[in-house]
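Each residue of the sequence shown is one higher than the one before, counting from 5 in this note's numbering.
The beta-carbon is built from N, C-alpha and C at its ideal position, and this holds for glycine as well.
Remember, it's a predicted structure, so these values are computed and weren't measured experimentally.
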Amino acid sequence: MLVTKPSLSLALPSVSLPNPNLNAGWATPFASSRPRSLRVSASSSLAPQPAAAALNRVGILSEALPFIQRFKGKTVVVKYGGAAMKSPKLQASVIRDLVLLSCVGLRLVLVHGGGPEINSVLHRFGVEPQFRNGLRVTDAATMEVVEMVLAGKVNKHLVSLVCLAGATAVGLCGKDARLLTARPSPDAAELGFVGEVARVDPSVLQPIIASGHIPVIATIAADKVGQAYNINADTAAGEIAAAIGAEKLLLMTDVSGILADRDDPGSLVKEIYVAGVRRMVDEGKVGGGMIPKVECCVRALAQGVRTANIIDGHVTHSLLLEILTDEGTGTMITG
Numbered sequence: 005m006l007v008t009k010p011s012l013s014l015a016l017p018s019v020s021l022p023n024p025n026l027n028a029g030w031a032t033p034f035a036s037s038r039p040r041s042l043r044v045s046a047s048s049s050l051a052p053q054p055a056a057a058a059l060n061r062v063g064i065l066s067e068a069l070p071f072i073q074r075f076k077g078k079t080v081v082v083k084y085g086g087a088a089m090k091s092p093k094l095q096a097s098v099i100r101d102l103v104l105l106s107c108v109g110l111r112l113v114l115v116h117g118g119g120p121e122i123n124s125v126l127h128r129f130g131v132e133p134q135f136r137n138g139l140r141v142t143d144a145a146t147m148e149v150v151e152m153v154l155a156g157k158v159n160k161h162l163v164s165l166v167c168l169a170g171a172t173a174v175g176l177c178g179k180d181a182r183l184l185t186a187r188p189s190p191d192a193a194e195l196g197f198v199g200e201v202a203r204v205d206p207s208v209l210q211p212i213i214a215s216g217h218i219p220v221i222a223t224i225a226a227d228k229v230g231q232a233y234n235i236n237a238d239t240a241a242g243e244i245a246a247a248i249g250a251e252k253l254l255l256m257t258d259v260s261g262i263l264a265d266r267d268d269p270g271s272l273v274k275e276i277y278v279a280g281v282r283r284m285v286d287e288g289k290v291g292g293g294m295i296p297k298v299e300c301c302v303r304a305l306a307q308g309v310r311t312a313n314i315i316d317g318h319v320t321h322s323l324l325l326e327i328l329t330d331e332g333t334g335t336m337i338t339g
């Protein structure tokens, strides 16, 4: 509604107003003998233009609008882990990007690992970490360290970073409110207390997400009798994404994505269907630590998650590139 200011009729003394067509001094008692300086209007060709860098920034924001509209109100599960967690500068950058996405309306869930931190503490105790097919061998002593580091140190550190960046986070592990129920891995004889996700109860997450907070989840879970298990963070993220009906699953890892040739970093597969991923696994083109990542992506897609992405956590702003641009980054797997 257009509102006009009311006119005021005040009895003011008569004052000679300057003639705007004159360039000389004003013929009034208040006039200076010196000509007034010329003011250039905003529409003048002499008006200063914004700096190129500023124009570039607002241009990027404008181009991001369709993506913000597409994902606003949608839930995105982000798994954060690997060597990308080693650098404090990179950690802060990832968390700021996460908070930015939260501020523009995405509903974020952060599921984290902490392999480098676990390895560091194990080395202090004189224990050499061991792995089988990308999964950590976890005996009873290692399980204590894993739970202490993941559910304690790493989880609360990430919660603090989210809060410092201006959002609010709630730290959880799979044991809290039976968020995750574990069962032993079929390879328990070799892997020890490495578990699988038997069940997800997302009821504790729903009010947290609805309130605009960011759940930060450490993937430690207990079985039905209370035995603690170390759950692979990629696997847990995929199961959580499926249980809460996430729009997208993002795995931030140490590699650029799925490579057509494992020995050629330039052979990145940008987009692939589930059938293509399965074929690559059967042909041995996907192996090692990449196997649990692609398996959890395939399983999440089968349970209703729309897209799953494997992206390089070392790439600056990889989260924003994936969600807010057409080009994206890493490999996107679709059903």
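Going by beta carbon distance, what residues of the same chain come within less than 7 Å of residue i, once the five residues before and after it are set aside?
| i | result |
| --- | --- |
| A169 | I99, R100, V103 |
| A245 | V81, L253, A304, V309 |
| E326 | L254, N313, I315, G332, T333, G334 |
Just to confirm my understanding: we take residue i, look at its own chain, exclude 5 residues before and 5 after, and list those with CB closer than 8 Å. What are they?
| i | result |
| --- | --- |
| P269 | S260, L263 |
| S106 | L112, A171, G216, I218 |
| E194 | R136, V141 |
| K76 | V108, G109, L110 |
| L323 | V82, V98, D101, L102, L105, L254, M256, I315 |
| Y84 | V98, L114, V115, H116, G117, L162, M256, G317 |
| D227 | T185, A186, R187, P188, G199, A202, Y233 |
For a test of the three-state rule: what should DSSP assign to residue i, helix, strand or coil?
| i | result |
| --- | --- |
| K289 | coil |
| A181 | helix |
| N137 | coil |
| G339 | coil |
| E200 | strand |
| I248 | coil |
| R282 | helix |
| P120 | helix |
| E275 | strand |
| V220 | strand |
| V131 | coil |
| T257 | strand |
| G170 | coil |
| G230 | coil |
| A193 | helix |
| P206 | helix |
| A237 | helix |
| P211 | helix |
| G270 | coil |
| A264 | coil |
Short of 6 Å in beta carbon distance, which residues of its chain neighbour residue i, apart from the five on each side in sequence? Order them along the chain.
| i | result |
| --- | --- |
| I122 | V150, V153 |
| T335 | G261, I262, V273, I314 |
| E132 | none |
Between the alpha carbons of residue i and residue j, how many angstroms are there, rounded?
| i | j | result |
| --- | --- | --- |
| G291 | I64 | 37 Å |
| V229 | H161 | 29 Å |
| V158 | G118 | 7 Å |
| D238 | V201 | 11 Å |
| L59 | E251 | 32 Å |
| S91 | H116 | 15 Å |
| V163 | P70 | 30 Å |
| E243 | K297 | 12 Å |
| Q210 | L114 | 14 Å |
| L328 | A144 | 43 Å |
| P190 | D265 | 30 Å |
| C167 | A247 | 26 Å |
| G339 | I213 | 26 Å |
| I295 | L165 | 30 Å |
| I337 | A312 | 5 Å |
| V208 | V285 | 35 Å |
| R282 | N236 | 20 Å |
| F197 | P188 | 7 Å |
Contact the segment 166 to 184 vs the segment 218 to 230: 3+ CB pairs below 8 Å: yes
Touch test, the segment 299 to 312 against the segment 270 to 287, Cβ-Cβ under 8 Å, three pairs minimum: yes
Runs of alpha helix (DSSP H) wholly within the segment 297 to 334 (minimum 4 residues, chain order): 322 to 328
Start-end ranges of the beta strand (DSSP E) lying completely within the segment 53 to 115, minimum 3 residues: 79 to 84
Three or more C-beta pairs below 8 Å linking the segment 88 to 97 and the segment 56 to 70: no
Segment contact, 8 Å Cβ cut-off, at least three pairs: the segment 177 to 190 with the segment 124 to 132: no
contact_flag[the segment 132 to 151, the segment 203 to 217] where n(CB pairs < 8 Å) is 3 or more: no
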